[in-house]
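Following the numbering used here, the numbering of the sequence shown begins with 101 at its first residue and continues without gaps. What follows is a single structure, written as structure tokens, with notes after it.
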Amino acid sequence: MMTFQEMVQNRRSIRDFQEKDVPLAVIQKIIRDSCLAPSASNGQPCRFIIIKNREMMKRLSDESKNNILSDAAKNPAALSKEYKALLSDEKFNVFYNAPCLIYVAGAKDLRSLDVDCALAVSYLMFAAARDGLGTCWIGFGTLIRDPELKKAIGLPDNYRIVAPIILGYPKVIPAPLERKEPQILKIIN
Ligand SMILES: Cc1cc2nc3c(=O)[nH]c(=O)nc-3n(C[C@H](O)[C@H](O)[C@H](O)COP(=O)(O)O)c2cc1C
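Put into structure tokens, the structure is as follows:
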């Protein structure tokens, strides 16, 4: 069993995966663990959509890329040149051809939704690392607007996606990226 220290050190964003299926039972166990995260008033608002179909992931990647680019056309300052070039590349799949995508979503009108989902995601990432799986939060995969596509993935109209998380068995776990020293603004004794 991994110690907490090993788990936080092993959790890295993974963007390159083995061609190995992640069994549904394993995904469900990780999701169950993510639900142990705290939530405002114990409201437990996170809902999960599991996608293991690469064709569907490609459609979602294209939809999200197109929406980001069309928003950026109206507000060019919102997207860097590098990201614009990357997202304009037809071959670039925002989900890196991962074998699985989990959308963490919830009711649009809930004030604590982002915070509750982000906490659940961090538990999900650690649970995945414990089971030898890699994850990456894909902010670029969030912007799904096409009503047909929303219907196809079972996202109700009054829900919004907070976190697209890719999941799979990593080819390699990269060395940790450097972290800055914690910036403690003040210590009051
Ligand atoms: C809210 C959020 C959005 C992110 N979006 C993307 C993304 O669209 N594409 C990507 O490759 N990585 C994305 N990441 C992963 C970050 O780049 C990564 O967490 C960061 O570089 C630190 O690396 P580490 O997770 O390996 O420690 C995102 C992470 C977060 C928390």
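We put the beta carbon where it would ideally sit given N, CA and C, even for glycine.
According to DSSP, Pro264 shares a beta bridge with Tyr203.
DSSP places Pro274 in the coil class of the three-state scheme, outside both helix and strand.
About 6 Å separates the beta carbons of Ile127 and Ile150, which is inside the 8 Å limit, making them a contact pair. In terms of Cβ geometry, Gly234 and Pro264 do not form a close pair [threshold 7 Å].
Under the DSSP definition of a beta bridge, Thr235 partners with Ser113 and Leu267. Taking Ala229 as reference, the option from Leu124, Glu119 and Ser134 with the minimal CA-CA separation is Ser134. By the Cβ criterion, the stretch 134-147 is not in contact with the stretch 102-116, since fewer than three pairs of Cβ atoms, one from each stretch, lie closer than 8 Å. In the structure shown, Arg245 falls within a coil segment according to DSSP collapsed to helix, strand and coil.
Using a 10 angstroms sphere on the CB of Ala198, the tally of other CB atoms reaches 16 or more, which defines it as buried. For the stretch 172-220, the full-length alpha helix (DSSP H) segments reaching 4 residues or more read 181-188 along the chain. Counting the other Cβ atoms within 10 Å of the Cβ of Arg279 gives fewer than 16, which makes it exposed. Straight through space, the alpha carbons of Arg147 and Glu248 are spaced by roughly 19 Å. The beta carbon of Ile266 sits no closer than 6 Å to any heavy atom of ligand 1. For Arg147, the enclosing beta strand (DSSP E) begins and ends at Arg147 to Ile151. Between Arg245 and Asn167, the CB-CB gap stays under 7 Å.
Cβ-Cβ distances below 6 Å link Gln105 to nothing in the same chain once the five nearest sequence neighbours on each side are left out. Using a Cβ distance threshold of 7 Å, Ile238 and Val272 do not count as a contacting pair.
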